[in-house]
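These notes are about the structure you will find just below.
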Amino acid sequence: MLASLAKSSSLCRGLSHTLRRFQSTLVVAEHNNEKLTPSTLNTITAAGKLGDVACLVAGNNCASVAEELSKVNGVTKILLADNEAFNGLLAESITPLVLETQKQFNFTHILANATAFGKNLLPRLAAKLDVAPVSDIIGIADKDTFIRTIYAGNAIQTVKVLDAVKVITVRGTSFEAAGSEGGSASTENAPECSVKNDLTSFEGSEIHKSDRPELTGAKCVISGGRGMKNGENFQMLYDLADKLNAAVGASRAAVDAGFVPNDMQVGQTGKIVAPELYIAVGISGAIQHLAGMKDSKIIVAINKDAEAPIFQVADYGIVADLFKAVPDLNKLL
Amino acid sequence: MNPFDEIAVEEAVRMKEKKVAKEVVAVSCGPTQCQETLRTALAMGADRGIHVEISGDDYTAVQPFHISKILAKLALEEKADILLLGKQAIDDDCNQTGQMAAALLDWPQATFACKVEESNANLTVTREVDGGLETLKMKTPCVVTTDLRLNEPRYATLPNIMKAKKKPIAKKSAADYGVDLTPRHTVLKVDDPPTRAAGEKLETVEDLVSKLKEAGFYGEL
Chain A
727 MLASLAKSSS LCRGLSHTLR RFQSTLVVAE HNNEKLTPST LNTITAAGKL
777 GDVACLVAGN NCASVAEELS KVNGVTKILL ADNEAFNGLL AESITPLVLE
827 TQKQFNFTHI LANATAFGKN LLPRLAAKLD VAPVSDIIGI ADKDTFIRTI
877 YAGNAIQTVK VLDAVKVITV RGTSFEAAGS EGGSASTENA PECSVKNDLT
927 SFEGSEIHKS DRPELTGAKC VISGGRGMKN GENFQMLYDL ADKLNAAVGA
977 SRAAVDAGFV PNDMQVGQTG KIVAPELYIA VGISGAIQHL AGMKDSKIIV
1027 AINKDAEAPI FQVADYGIVA DLFKAVPDLN KLL
Chain B
10 MNPFDEIAVE EAVRMKEKKV AKEVVAVSCG PTQCQETLRT ALAMGADRGI
60 HVEISGDDYT AVQPFHISKI LAKLALEEKA DILLLGKQAI DDDCNQTGQM
110 AAALLDWPQA TFACKVEESN ANLTVTREVD GGLETLKMKT PCVVTTDLRL
160 NEPRYATLPN IMKAKKKPIA KKSAADYGVD LTPRHTVLKV DDPPTRAAGE
210 KLETVEDLVS KLKEAGFYGE L
């Protein structure tokens, strides 16, 4: 009995080894038709842990994205679908393309960034494949077991997926970015599919331009909360951010009060960041905010309320009036 | 009620107040306690409720995969023009159900909505995306999931809570919609997140700058 068990387990190992070779992963690349969204590089690293990595680039005049991706380490193949129909990267038009691609290549895993793009697209795709997707993974235990957070990051769940095809969004801050040089992927056209989408039209977007680094990929993030009192006072944080080459974020209170735009919100329902250094200014540290930043390497809190929960996660805390401390910090740096 | 769902109920009731919608039906899938959630929606202004009972082990293992199937069937049966959902539940943090229901119905979807306007059976929806906002125009029937900034949900007043007790709640089961609740995921374990080591309080901004220097930040950055 024992011997046969041992034999079957070694058989299993052999089988899983063979399976490993046939694992192939598709990453649906996120981009703005000119440049790859940086967190796609983190998703490629996650995909590389599962098997050979192919990338699908769908867009309108997006050849430069395929060019950029072809140099990324770990990517073996690029499927390019350049068509006006993909304008605005609507889930209604990209889903049929991914389904057609899947029909031809039979990927075992389909991944995308856990960003507004991936969160919008992948569940729609999963439903069409009749599989249950996994959102916002922070780790990969094996080819069908994934780790993710629930309850605003207050619990960590390990989930085994029983479906044959795994559809997954990846939390970028939990995986290293793949090197953007040294790869040599081949590019071919994605399978033809007739994209007939007369249900939704993309009317346009209003993207806030900034010279500072992108929030989710920045090495340093400075965030302001309700304590900033108004939008003008955020200028202090922008000045500080420019000295530290940092991105500027905000708590929900600061966004709701209209101090800064919504897309700067860090937290459970905003962006998840994990920079080397996070400086929280005038932020009390509600659970929902902590969910978005508590994996930062070093957390600094500046708050005049010594009892604020933010001090429980801060490596360095200063109990002081931010209107004195931040200008002082600006002078010293 | 999940905060994003409160926003969805509020938006539906506003549509009714603007005469965009004729009727608002509130739906909840889960154990008996869901009826309290439905009563809250009715007190906010929904006309009637549907409780799809899922209890015991089925409820523990139920996922957006199953709920979206129930909602898709139900939307067709009720001849709904707009299916409104929150963008995510704050317990499982999945952010999947609306998108999956839209796929099963082959309806267009507008996720993370912060503004919804109706004209001639079209919806113009502004969405919160990374870096800013974008606008979509969709034909109905369609699916909309709500973001935080769509509206501010009203409080149910006492008279409305009393009135809500008289509104009907139909009781259904997953089998009524032909949905199989076999789990597609197994949760192997749930752990506490790693705890952070206690930090220290510093007296001055100078102390902070020197700590950041020690940690190798300042200068390198």
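Which chain is which? The protein sequence lines are A and B, in order.
Per this note's numbering, the very first residue in the first sequence carries number 727; after that it's consecutive.
Per this note's numbering, the very first residue in the second sequence carries number 10; after that it's consecutive.
Beta carbons are placed, not taken as given, at the ideal position from N, Cα and C, and that holds for glycine.
The model shown is predicted, which means the values in this text are computed figures rather than measured ones.
Cutoff 8 Å: residue i Cβ touching any chain A Cβ
i      : result
B:L142 : yes
B:R163 : no
B:A224 : yes
B:D14  : no
B:N129 : no
B:C38  : no
B:E19  : no
B:N104 : yes
B:V218 : yes
Euclidean distance between Cα positions of residue i and residue j
i       : j       : result
A:A904  : B:P40   : 45 Å
A:Y877  : B:Q72   : 15 Å
A:R850  : B:E15   : 23 Å
B:H194  : B:I76   : 14 Å
B:P203  : B:V188  : 38 Å
A:D989  : A:I894  : 23 Å
A:A879  : A:I873  : The question names Ala, yet the displayed sequence has Gly at residue 879 of chain A. For A:G879 and A:I873, the distance between alpha carbons rounds to 12 Å.
A:D924  : B:R136  : 19 Å
A:G785  : A:L848  : 16 Å
A:A853  : B:R205  : 38 Å
A:P917  : A:K803  : 14 Å
A:V992  : B:L157  : 13 Å
A:I1013 : A:S920  : 46 Å
A:M670  : A:T995  : Chain A is shown from 727 up to 1059; residue 670 of chain A falls before or after that span and cannot be answered.
B:E62   : B:Y186  : 12 Å
B:D139  : A:E902  : 20 Å
B:P192  : B:L142  : 36 Å
A:A811  : A:S819  : 7 Å
A:T763  : A:E940  : 10 Å
B:D115  : B:Q105  : 15 Å
A:F985  : A:F1049 : 16 Å
A:Y1042 : B:L211  : 7 Å
B:S219  : A:K1057 : 14 Å
A:I1024 : B:N129  : 53 Å
Chain B contact for residue i (CB, 8 Å cutoff)
i       : result
A:T826  : Reading off the sequence, residue 826 of chain A comes out as Glu, not Thr. A:E826 does not count as touching chain B.
A:A1040 : yes
A:N846  : yes
A:E810  : no
A:K899  : Per the sequence presented here, residue 899 of chain A reads as Thr, with Lys not at that position. Output row for A:T899: interface = no.
A:Q994  : yes
A:H934  : yes
A:D778  : no
A:Q1076 : For chain A, the structure presents residues 727 to 1059; residue 1076 of chain A sits outside this window and is missing.
A:V857  : yes
A:D937  : no
A:N1029 : no
A:D1054 : yes
A:Y1004 : no
A:D868  : no
A:S861  : yes
A:T821  : yes
Residue i Cβ short of 7 Å to the ligand ADP heavy atom set
i      : result
B:A111 : This structure does not include the ligand ADP; it has no bound ligands of any sort.
Closer than 8 Å to chain D by CB, residue i
i      : result
B:M147 : Within the model displayed, chain D is absent; protein chains A and B are what it includes.
Query raised in the report: Where in the stretch 861 to 895 of chain A do unbroken runs of the beta strand (DSSP E), each at least 3 residues long, occur, reported from the N-terminal end onward?
Result: 871 to 876 and 881 to 887
Report task. Compile a chain-ordered list of the residues in the stretch 107 to 126 of chain B whose CB is closer than 9 Å to at least one CB of chain A. Result -> G107, Q108, M109, A110, A111, A112, L113, D115, W116, P117, Q118, A119, T120, F121 and C123
**Report entry** Minimum length 3: unbroken beta strand (DSSP E) runs contained in the stretch 901 to 986 of chain A
**Finding:** 912 to 915, 926 to 933, 946 to 950 and 973 to 976
Query - Uninterrupted alpha helix (DSSP H) stretches inside the stretch 799 to 860 of chain A (no shorter than 4 residues) - result: 817 to 831 and 842 to 855
Query raised in the report: So, do the stretch 115 to 128 of chain B and the stretch 894 to 910 of chain A have three or more beta carbon pairs nearer to each other than 8 Å?
Result: no
Query raised in the report: Enumerated in chain order, which unbroken segments of the alpha helix (DSSP H) with a length of 4 residues or greater are wholly contained in the stretch 140 to 181 of chain B?
Result: You should have 167 to 173.
Requested in this report: Evaluate the contact criterion for the stretch 777 to 785 of chain A versus the stretch 793 to 813 of chain A: three or more CB pairs, one atom per stretch, below 8 Å.
Outcome: yes
Query raised in the report: Within the chosen definition, does the stretch 93 to 109 of chain B reach the stretch 206 to 222 of chain B through at least 3 CB pairs nearer than 8 Å?
Result: Segments in contact, no.
Query raised in the report: At what residue ranges does the stretch 55 to 86 of chain B contain a whole run of the beta strand (DSSP E), taking only runs of 3 or more?
Result: 57 to 62
Query - Start-end ranges of the beta strand (DSSP E) lying completely within the stretch 179 to 215 of chain B, minimum 3 residues - result: Fully enclosed beta strand (DSSP E) runs of no fewer than 3 residues occupy 194 to 200 and 209 to 211 of the stretch 179 to 215 of chain B, in order along the chain.
Query - Selection of the stretch 940 to 956 of chain A by Cβ proximity to chain B, strictly under 9 Å - result: E940, L941, T942, K945 and C946
Query raised in the report: What residues in the stretch 183 to 203 of chain B bring their beta carbon closer than 8 Å to a beta carbon of chain A?
Result: P192, R193, H194, T195, V196, L197, K198, V199, D200, D201 and P202
Query raised in the report: Are the stretch 1001 to 1010 of chain A and the stretch 951 to 966 of chain A in contact at 8 Å, needing three or more beta carbon pairs?
Result: yes
Requested in this report: Output, in sequence order along the chain, the residues in the stretch 85 to 101 of chain B whose CB is closer than 8 Å to any CB in chain A.
Outcome: Of all residues in the stretch 85 to 101 of chain B, K96, Q97, I99, D100 and D101 have a Cβ within less than 8 Å of some Cβ in chain A.
Requested in this report: Taking only beta carbons into account, state which residues of the stretch 48 to 78 of chain B come closer than 8 Å to chain A, listed in chain order.
Outcome: Q72, P73, F74 and S77
Query raised in the report: Along the chain, which unbroken stretches of the beta strand (DSSP E) at least 3 residues long are found entirely within the stretch 1000 to 1058 of chain A?
Result: 1003 to 1007, 1024 to 1029 and 1042 to 1045
Query raised in the report: Counting Cβ pairs, one atom from each stretch, are 3 or more of them under 8 Å apart for the stretch 151 to 166 of chain B and the stretch 40 to 58 of chain B?
Result: Cβ pair count under 8 Å is three or more, so yes.
Query - Against chain B: residues of the stretch 978 to 990 of chain A by CB proximity under 9 Å - result: Identification of residues in the stretch 978 to 990 of chain A having a C-beta nearer than 9 Å to some C-beta of chain B yields R978, V981, D982, P987, N988 and D989, given in sequence order.
**Report entry** Within 8 Å of chain B by C-beta, residues of the stretch 887 to 921 of chain A in sequence order
**Finding:** Cβ proximity to chain B below 8 Å picks out V887, L888 and D889 from the stretch 887 to 921 of chain A.
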